[in-house]
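Participant: What follows is a structure written as structure tokens; I'll ask about it next.
In the numbering used here, the protein residues as written are 262 to 390.
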């Protein structure tokens with residue numbers, strides 16, 4: 262994905278340590294998600310009323326290490342490729358609802374139970390970012 266596909270405010274700035282405004286907003290939402298709950302990339306974009314799932318994913322890939330990145334997820338509940346075990350440790354310690362993998366599932370890794378784990382922004386999100 263090129264930087265041009267991001268909303269202008271989400272494009273990486275090449276001067277100083279300042280984050281682009283869109284990135285700050287995405288990361289602020291990630292920090293609001295309670296332990297044991299998740300939002301999809303699309304949920305975050307919809308909540309911010311700008312960008313889309315790919316833009317949110319790009320922000321998380323570039324800057325998400327400083328926030329609870331495991332709480333911003335794919336809509337299908339599949340654990341983030343390359344980070345599955347780290348994410349799984351977080352999910353288990355936070356009590357995030359999981360669906361255990363069947364024996365036929367590749368790698369036998371569970372998925373997130375999106376119906377139970379998904380957070381809609383609820384009461385704690387008053388004052389929208």
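Where is the CB? At the ideal position from N, CA and C, for every residue including glycine.
If you draw a straight line from the alpha carbon of residue 313 to that of residue 335, how long is it in whole angstroms?
Facilitator: Residue 313 sits at position 52 when you count from the first residue of the chain shown. Residue 335 sits at position 74 when you count from the first residue of the chain shown. Cα to Cα, residue 313 sits roughly 13 Å from residue 335.
Participant: Which one of 358, 311, 298 has the shortest CA to CA distance from residue 286?
Facilitator: The residue you call residue 286 lines up with position 25 of the chain shown. When only C-alpha atoms are compared, the closest one is 311.
Participant: Using DSSP with H/G/I as helix, E/B as strand and the rest coil, what is residue 298?
Facilitator: Here residue 298 is taken as the residue at index 37 of the chain shown, counted from 1. Coil at residue 298, not helix or strand.
Participant: With which residues is residue 359 paired in a DSSP beta bridge?
Facilitator: Residue mapping note: residue 359 aligns to position 98 of the chain shown, counting from 1. According to DSSP, which records beta bridges pairwise, residue 359 is partnered with 373.
Participant: Would you kindly report the start and end of the unbroken alpha helix (DSSP H) that includes residue 291?
Facilitator: Within the chain shown, the letter at position 30 stands for residue 291. Unbroken alpha helix (DSSP H) run through residue 291: 282-293.
Participant: Evaluate residue 304 with the Cβ neighbour count: other Cβ atoms within 10 Å of its Cβ, from every protein chain shown; 16 or more gives buried, anything less gives exposed.
Facilitator: Taking the first residue of the chain shown as 1, we reach residue 304 at position 43. Buried, since its Cβ has 16 or more Cβ neighbours within 10 Å.
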